[in-house]
């Protein structure tokens, strides 16, 4: 019995679902191009059983293998774009909160402002 991978057991369900969808999409792309599993496996540089696992969205298949399959489709740039800083909404929201906090800090009045202020009796 093969050892189970910690990746497979700790992968968040939404990430596992995304990998399954990616695998299905890659399989559909291969079939639409009328390419055999053997031909695609050779072009990617993997075995047919690994290609079958990739098309099932197996999380133990290396990221490089998924990248090679995307490259074969002409879609590898989308992999890089997935983590683009401009698309990182969590970080952008944090930056916005920090900017608001910095603007809301009250600066001490300048000497000129203190001199121009009316004196209290």
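Numbering (this note's numbering), first residue to last: -6 to 114. C-beta: ideal position from N, C-alpha, C; glycine also. Since we're looking at a predicted model, the values are computed, not measured.
Provide the residue span of the alpha helix (DSSP H) that contains residue i, from first to last.
| i | result |
| --- | --- |
| residue 74 | 69 to 74 |
| residue 65 | 56 to 66 |
| residue 6 | 6 to 25 |
| residue 45 | 41 to 48 |
| residue 34 | 30 to 37 |
Might you give, ordered along the chain, the residues of its own chain that have their beta carbon closer than 8 Å to the beta carbon of residue i, omitting 5 neighbours on each side?
| i | result |
| --- | --- |
| residue 58 | 37, 39, 43 and 47 |
| residue 74 | 80 |
| residue 4 | 12 and 52 |
For residue i, which option in the options has the closest C-alpha, if you only look at C-alpha atoms?
| i | options | result |
| --- | --- | --- |
| residue 69 | 96, 15, 88 and 85 | 15 |
| residue 10 | 52, -2, 25 and 28 | 52 |
| residue 72 | 84, 83, 85 and 56 | 56 |
| residue -1 | 86, 78, 54 and 85 | 54 |
Beta-carbon within less than 6 Å of residue i's beta-carbon, same chain only, minus the 5 sequence neighbours each way: which residues are those?
| i | result |
| --- | --- |
| residue 23 | 33 |
| residue 27 | none |
Hey, does residue i have any beta-carbon neighbour from chain B nearer than 8 Å?
| i | result |
| --- | --- |
| residue 50 | This model lacks chain B altogether; it includes just one protein chain. |
Q) Looking at C-beta atoms only, is the number of pairs between the stretch 9 to 20 and the stretch 46 to 65 that lie closer than 8 Å three or more? A) yes
Q) Can we say the stretch 59 to 70 touches the stretch 23 to 42, given the rule of at least three CB pairs closer than 8 Å? A) yes
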